[in-house]
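These notes are about the structure you will find just below.
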Amino acid sequence: MAYLCCSCENEIRFCSGMSTGDIWLEIIDTWHSKCDSKITFAPTTPVLSTYSRIDFQICNSVWDGCVTESAERVKCQSYTANEGELRSCLCKTKILAAAFTCSYVGNVSCLMNPGTLSGVRGYSYCPDFLSVIQPLVNVCL
Numbered sequence: 015m016a017y018l019c020c021s022c023e024n025e026i027r028f029c030s031g032m033s034t035g036d037i038w039l040e041i042i043d044t045w046h047s048k049c050d051s052k053i054t055f056a057p058t059t060p061v062l063s064t065y066s067r068i069d070f071q072i073c074n075s076v077w078d079g080c081v082t083e084s085a086e087r088v089k090c091q092s093y094t095a096n097e098g099e100l101r102s103c104l105c106k107t108k109i110l111a112a113a114f115t116c117s118y119v120g121n122v123s124c125l126m127n128p129g130t131l132s133g134v135r136g137y138s139y140c141p142d143f144l145s146v147i148q149p150l151v152n153v154c155l
């Protein structure tokens, strides 16, 4: 192995949730073979007990949702003079579904943050928000 990242930090273990295959195991074995004999202290950093794996396929879909939401919202800019038309445009199913994917699914699945429907664009101003989003919530939960 040409380069070895020697770190005793728990953050490196979190990254293993984003790695696959034997490469990670090789890194661990190499680290132990190079470093075990050199450590003269008892590490005080606690073992990382839990972490969540990030599903990159879901995060790719989230990214697509964010791009779609942004592109569709730009199309609504021509309605800014008429609030009713603007709201109608911003509350289209395609925009709300993309906003849910970008904001809610992105927070929960990719950023590992709590997700709230009230944080999704459209929640406060689209009268049909919940009926549009409910099928997506059922799939995600």
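For what it's worth, my numbering labels the leading residue of the sequence shown as 15, then goes sequentially.
Beta carbons: idealized from backbone N, C-alpha and C, even for Gly.
DSSP three-state label for residue i, please.
i, result
"Cys-105", "coil"
"Val-134", "coil"
"Phe-143", "helix"
"Asp-69", "coil"
"Gly-4", "With the chain covering 15 to 155 only, the question about residue 4 has no answer from this structure."
"Thr-44", "helix"
"Leu-125", "coil"
"Thr-54", "coil"
"Asn-96", "coil"
With 16 other CB atoms within 10 Å as the buried threshold, where does residue i fall?
i, result
"Phe-114", "buried"
"Ser-117", "buried"
"Phe-143", "buried"
"Ser-123", "buried"
"Ser-63", "Below a pLDDT of 50, predicted positions are generally treated as unreliable, and Ser-63, at 49, falls in that range; no measurement from the model is reported."
"Val-88", "exposed"
"Gln-148", "exposed"
Closer than 6 angstroms by C-beta to residue i: which residues in its own chain qualify, once you throw out the five before and the five after it? Chain order, please.
i, result
"Gly-120", "Val-76"
"Ala-112", "Gly-79, Thr-82 and Glu-83"
Of the choices the options, whose alpha-carbon is the least far from that of residue i?
i, options, result
"Gly-98", "Tyr-118, Tyr-139 and Asp-50", "Tyr-139"
"Ser-145", "Lys-106, Val-122 and Glu-40", "Lys-106"
"Ser-84", "Cys-103, Val-151 and Asn-96", "Cys-103"
"Ser-132", "Thr-54, Val-151 and Phe-70", "Val-151"
Give every residue of the same chain whose Cβ lies closer than 8 angstroms to the Cβ of residue i, excluding the five residues on either side of it in the sequence, and list them in chain order.
i, result
"Lys-108", "Thr-82 and Glu-86"
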